[in-house]
Amino acid sequence: MFCTTCGRELPDGAKFCTNCGAPVAKIVTREEREAVPVEDAGVDEAVAEPKAASELEPADEAAPMMQEDSGEAPDEESCDQPEVHEDSAQAAAVDDASDDAESASADAGETTVMLSDSGETTVLSDGTDETTAMPSDSGETTVLPDGADETTVMQNDASETTVLPDGADETTVMPEHAETTVLPAAETEVIADAERAEAAADAAAAERALWSASEDAADAGTTETTVLAPAHMASDEAGQDGRQPAPEAPRKKRPTALIATIALLVVAAGAFFGIFVLPRIMGKDVPTVTYGQTDPVQCSVVTRVRPRDESGGELTSYVVYLMRQASDDAASSSSASEELNQVVAEIRVTGNNGFTMENFGEVPDGDYVLVIVPDDSQGESSSSSSNDEQRIPVHYEEDNPKAEEEVVVEPPAPEPSSPEEPAAEEEEFTDEEIASALFYYTCQDLIDEYGEPEAIELHDGMELAANGLALVKLLDFDGDGMNELLTVVGDASGLETMSFDTDAYTIAVWKYTDEAVEQVYEGHPPYSNGGYFYQGLYALPQEGGEDQILLESISFGDPTAAADTNSEITYTGYYGMGEQSFELYALRTDTFSYDDGSLETTFQIAGEEVSEDEWGGFQDLLTQTASYEFSCPVSNEPQAQSEEEPEFEIIETAGLPDYTEGTIGALEAAAGDEALEAFAPEEDAEEDPAEATYTYVNSEADVTFTTSQGEGTDWEETRSWTYPQFALEDGSTTEALDALNASLKQSYEDDLAVTQAWTIDSGEAQVWVHCDEVTYLEGNIACVRSERYVFLGGAHGEESISGAFYDLSSGEELRVDEALGISWEDLQAESVDAIKAYLAENPNLTGADDTSLEGMAADSSRYFATSDGVAIAIMPYEVGPYSEGMQLVYVHAFEDPSLVGTSAAA
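In the numbering used here, the protein residues as written are 3 to 908.
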């Protein structure tokens, strides 16, 4: 026989175990039980022989944990407690033990015996093979009724066993003040003490595994600054009586601490889920702030700060300095040590769970700056700076009612930028297209300046002359395969007089190089003795290459060029493209002396003097290729070429406009629309009138009128009258200038009409002198001084001078101080002092007192300006007799102060 507690083999008939002292129960077989009725059998005869702990059958399902506070089975609602499951390895061992127990039970006649703690055994009646009995603390065994195999029984402290109703096998009951007990399932027959000891050992292993998993779960998603580690329960491996338990049957542990710790973890997990996970699932917005902002972030001791990097990902390794703010702009400082006091605290953070202000320890309430430095850029010193550091100001109060539970700190949003448009592929043009476009626009510029190609009649229709852009011709002067542009422009109006303008036409050559056009030649075409202009082209053969094209040029020198002779010089030249520029290739100079009728001729080719024979050989090589007539008599018929003469191009005056327009059209077609658009000249921005450059011309005319000093004394006077007309530097005008010019001209015409209609009896004043002249022009400010001499029929007339200032950009008339930017009060005071100084230098000028001088100075119409300063006009009789005339005195100098108080009459 064996001990049911420790498994030690015992001699037959032993009542107590010699190893552990436990009472021995005898196992009665079915045959013996059938032979001896239960009520007649003694205790000793009903003792069952125990099996080894490894042979006992454990519960197939995990038993419910016992409730601490109540000894009775709770109702179904209150029994929803979490179950503790064994791992798979333990479950497999239990299944094996269950199989052994069933086999042993069958051999014993299917009788189930439960032992009490006191060693007494209660034998169940026949037919209760599937009935489960629970031992009580007092050693008594309560027998369950037949058919209650699926019933779970819970024991309370009073050693009373409560039988649950059938069908309640899924109900979990916790006994008050009882140790954790795993109850068997419906198919389990026997639970021995050894099996309970093994289950307790397994529970302890599960507890240790659970604590390990709990520690791992606590570490995940947290930082090094916040370590969540549970307190481990202390276990007493010794038995209650001080003895060491047998190794085969370890003492059961109380699971109270385990249950409390599990509950704590469940609560903590629920809180973590509710605070951090659930708001994200439910879409709750977490406040977001940006690095470098000036408004402080409101923080309390529990505010969690979660920094992010530039890409929006959470920082997982960084150092945070808590620094007290020393100035308003400290948060934007470039270094952790600039404009901040010493670091209050610092922490190193790993993980993606951020940090709280509590991590810094005890921190006084106040304003701080958080300096966040990624760990990979952090040096050893806590005050070292980094280009990667980020700053955020915070206002901290331990119980800050304005603080958020959590804030996310991220870099400022990038400046919005307009979406980049795909770069347009640059059009590639040939040099021919580009040159044609640029030559086309060159022609347009000449048309804008000189006019469209046309032929006009001169001398009452007897002569035709090209006008405007007279000729456009493409020629390859340098033989490089790229044409140059030949243009001729003219103003034929100068040919109307007999002394015609010898410079009426201008010829130019334009060369294309590197997407630009450059003028390489300018001159005048030749003209004949009859005053007819033309242009000839010649070809000069070159060894091993194309003929060189030369322009013929004939001009006449100054007849008085020679100092001691009366002579006339004629130059006949040929110009062509040289290595560097368009230059003179050959020149013949004829000097004719009117004194003796002699003619002296010299020759040059390529810059060297040559003989007449060499010159003749040069001309023999030349072949004329074209002739263009810019003026000719209308009666002339088209020239006819003889068959012996080489063919060349002749374009007469009448045909030049069509020829020129045809060449311009060819340039436009050769360029193409895209090249013309790409190389179109930029439109000039409209010039600010206030910054424009102005000029003027004096309109002068002799005026004749009749005057008189009484009946029979009439006579005619002729005087030269003038008035100015303003314009921009290029000769154009603006609306403001047109209005001002019209008013100046109208003043002239009004005076002329009065003067010519005057009679001695009209009683009107007759104007003898009308002289308006510009005495000052600086920028857009001009001064016109007006001089008048009016006659009333007496011994003499009256003279007056006044000044007027104009803003040419607007045409507005200004006062002297407004126009020149000086103080009106200062100018009046300067004028009084200057006149006194002038009078002091001229003693014969008398009769002026302070009052009269102040009156003169207060009259703004008396002032005018010159390039040297401001002057004032004093009328006759004001400071002396009429014979002293007008007095003009400088009262303000622009540069030379010595002018003040001197005469401005010059």
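We put the CB at the ideal spot given by N, CA and C, even for glycine.
Taking 7 Å as the limit between beta carbons, can you name the residues of its chain near residue i, skipping five residues before and five after?
i: residue 398; result: 301, 359, 365, 367, 368, 370
i: residue 497; result: 460, 467, 503, 506, 633
i: residue 548; result: 481
i: residue 476; result: 485, 487, 665
i: residue 436; result: 517, 677, 681
Alpha carbon to alpha carbon, what distance is there between residue j and residue i?
i: residue 396; j: residue 406; result: 12 Å
i: residue 671; j: residue 663; result: 12 Å
i: residue 751; j: residue 769; result: 11 Å
i: residue 906; j: residue 574; result: 55 Å
i: residue 347; j: residue 361; result: 10 Å
i: residue 864; j: residue 889; result: 11 Å
i: residue 900; j: residue 753; result: 38 Å
i: residue 847; j: residue 879; result: 10 Å
i: residue 524; j: residue 439; result: 22 Å
i: residue 726; j: residue 698; result: 6 Å
i: residue 556; j: residue 707; result: 51 Å
i: residue 892; j: residue 787; result: 14 Å
i: residue 826; j: residue 860; result: 9 Å
i: residue 824; j: residue 818; result: 8 Å
i: residue 331; j: residue 293; result: Caution is warranted here: a pLDDT of 44 is assigned to residue 331, below 50, making its placement in the model unreliable, and no coordinate value can be reported.
i: residue 782; j: residue 851; result: 38 Å
i: residue 886; j: residue 791; result: 16 Å
i: residue 584; j: residue 529; result: 22 Å
i: residue 875; j: residue 882; result: 14 Å
i: residue 586; j: residue 675; result: 38 Å
i: residue 8; j: residue 14; result: 16 Å
i: residue 374; j: residue 401; result: 24 Å
i: residue 289; j: residue 410; result: 6 Å
i: residue 609; j: residue 597; result: 30 Å
Quick check on this structure: which residue in the options has the alpha carbon closest to the alpha carbon of residue i?
i: residue 473; options: 414, 629, 261, 848; result: 629
i: residue 815; options: 788, 323, 784, 828; result: 784
i: residue 577; options: 511, 660, 777; result: 511
i: residue 894; options: 873, 618, 767, 882; result: 873
i: residue 403; options: 307, 476, 299; result: 299
i: residue 912; options: 495, 803, 808; result: The structure shown has nothing for residue 912, since the chain only spans 3 to 908.
i: residue 915; options: 589, 684, 570; result: Missing from the structure shown is residue 915; the chain here goes from 3 to 908 and no further.
i: residue 521; options: 457, 448, 321, 592; result: 448
i: residue 684; options: 289, 443, 693, 356; result: 443
i: residue 304; options: 591, 479, 357; result: 357
i: residue 412; options: 352, 351, 494, 308; result: 308
i: residue 862; options: 877, 701, 806; result: 806
i: residue 519; options: 544, 441, 457, 495; result: 441
i: residue 601; options: 579, 568, 620, 580; result: 568
Cβ of residue i less than 8 Å from any chain D Cβ?
i: residue 682; result: Protein chain content of the structure displayed is limited to a single chain, and chain D is not contained in it.
To which residues of the same chain is residue i closer than 6 Å at the C-beta, ignoring the five residues directly before and after it?
i: residue 324; result: 346, 347, 362, 370
i: residue 454; result: 470
i: residue 42; result: Because residue 42 carries a pLDDT of 44, less than 50, the predicted location of this residue cannot be relied on, and no value is offered for it.
i: residue 716; result: 708, 710
i: residue 669; result: 438, 441, 442
i: residue 509; result: 490, 525, 527
i: residue 650; result: 626, 627, 628
Can you find a heavy atom of the ligand NAD that lies under 7 Å from the Cβ of residue i?
i: residue 865; result: Ligands in the displayed structure: none, and consequently the ligand NAD is not present.
Return the chain-ordered list of same chain residues with a C-beta closer than 8 Å to the C-beta of residue i, the five sequence neighbours on each side being excluded.
i: residue 613; result: 605
i: residue 433; result: 484, 514
i: residue 636; result: 459, 463, 464, 465, 466
**Prompt:** Between the segment 759-778 and the segment 670-686, are three or more C-beta pairs nearer than 8 Å?
**Reply:** no
Checklist line | Inter-stretch contact (C-beta, 8 Å, three-pair minimum) for the segment 825-835 and the segment 781-797 | finding: no
(request) Report yes or no: do the segment 539-550 and the segment 614-630 share at least 3 C-beta pairs separated by less than 8 Å? (result) yes
Any chance you could list the alpha helix (DSSP H) runs of at least 4 consecutive residues sitting entirely within the segment 806-886, in chain order? 818-822, 826-843, 852-859
Are three or more beta carbon pairs between the segment 720-732 and the segment 767-781 nearer than 8 Å?
yes
Mind listing, in chain order, the continuous beta strand (DSSP E) runs of no fewer than 3 residues lying wholly within the segment 743-792? 768-780
Check your understanding: Which ranges would you report for the beta strand (DSSP E) in the segment 570-640 if only whole runs of at least 3 residues count?
Key -> 584-595, 601-607, 610-612, 625-631, 633-635
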